[in-house]
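Colleague: Take a look at the following structure, please.
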Amino acid sequence: MTIKEFFKNDRCAALAGVELLEAAPGAAKARMEIKDMHLNAGNVAQGGAIFTLADLAFAAAVNACGNWAVSVETGIRYFKAAAAGALLAEARAVHVHRKLATLTEQ
1 MTIKEFFKND RCAALAGVEL LEAAPGAAKA RMEIKDMHLN AGNVAQGGAI
51 FTLADLAFAA AVNACGNWAV SVETGIRYFK AAAAGALLAE ARAVHVHRKL
101 ATLTEQ
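Mapping of the sequence shown onto the UniProt record's numbering: residues 1 to 106, in sequence order.
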């Protein structure tokens, strides 16, 4: 089973409309079309929806390395509101060890 096939079973990502575009050991790209259900009261994408996109991308990047892993600590900075259109997340592993990995995402 490929990592893309594995993440087709991610029900949360499917519900949010997150699509895994690419996944290879240490790198992944995911996309989400901002829809009405993603908008908050200010009519911009809700931060949790954006984080869901980022979470799938970094999970795919690290799990494509061959070890099943979950997040220990994550953080996100929002520089600009997203209102409509597609968002793209690109995750890249900086260090991957047997039990811990460090990733960066844009």
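Backbone N, C-alpha and C define an ideal beta-carbon position, used for all residues, glycine too.
(1) Restricting to Cα atoms, I'd like to know which of E5, D55, A14 is closest to G75.
(2) Taking Cβ to Cβ, would you say N43 is nearer than 8 Å to A83?
(3) How would you label V72, buried or exposed, when you count the other beta carbons within 10 angstroms and need 16 or more for buried?
(4) So is N40 in contact with chain B if we call contact Cβ pairs under 8 Å?
(5) Do you know offhand how far G26's Cα is from L20's?
(6) Under 8 Å, with one C-beta from each stretch per pair, do the stretch 85-95 and the stretch 28-39 reach the 3-pair mark?
(7) Do the CB positions of A23 and I3 come within less than 8 Å of each other?
(8) Decide if T102 is buried, meaning its Cβ has at least 16 other Cβ atoms within 10 Å, or exposed.
(9) Can you tell me where the beta strand (DSSP E) holding L88 begins and where it ends?
(10) Taking only three categories from DSSP, how would you classify M32?
(11) Can you tell me the Cβ-Cβ gap for A93 and V62, rounded? I've got them flagged as a contact below 8 Å.
Modeller: Walking through what the data contain:
(1) D55
(2) Taking 8 Å as the cut-off, the beta carbon of N43 is found closer than this to the beta carbon of A83.
(3) exposed
(4) Among the chains in the structure shown there is no chain B, since it carries only a single protein chain.
(5) 14 Å
(6) yes
(7) yes
(8) In the assembly as shown, T102 is an exposed residue. Its beta-carbon has fewer than 16 other beta-carbons within 10 Å.
(9) 85-96
(10) strand
(11) A Cβ-Cβ separation of about 6 Å places A93 in contact with V62 under the 8 Å criterion.
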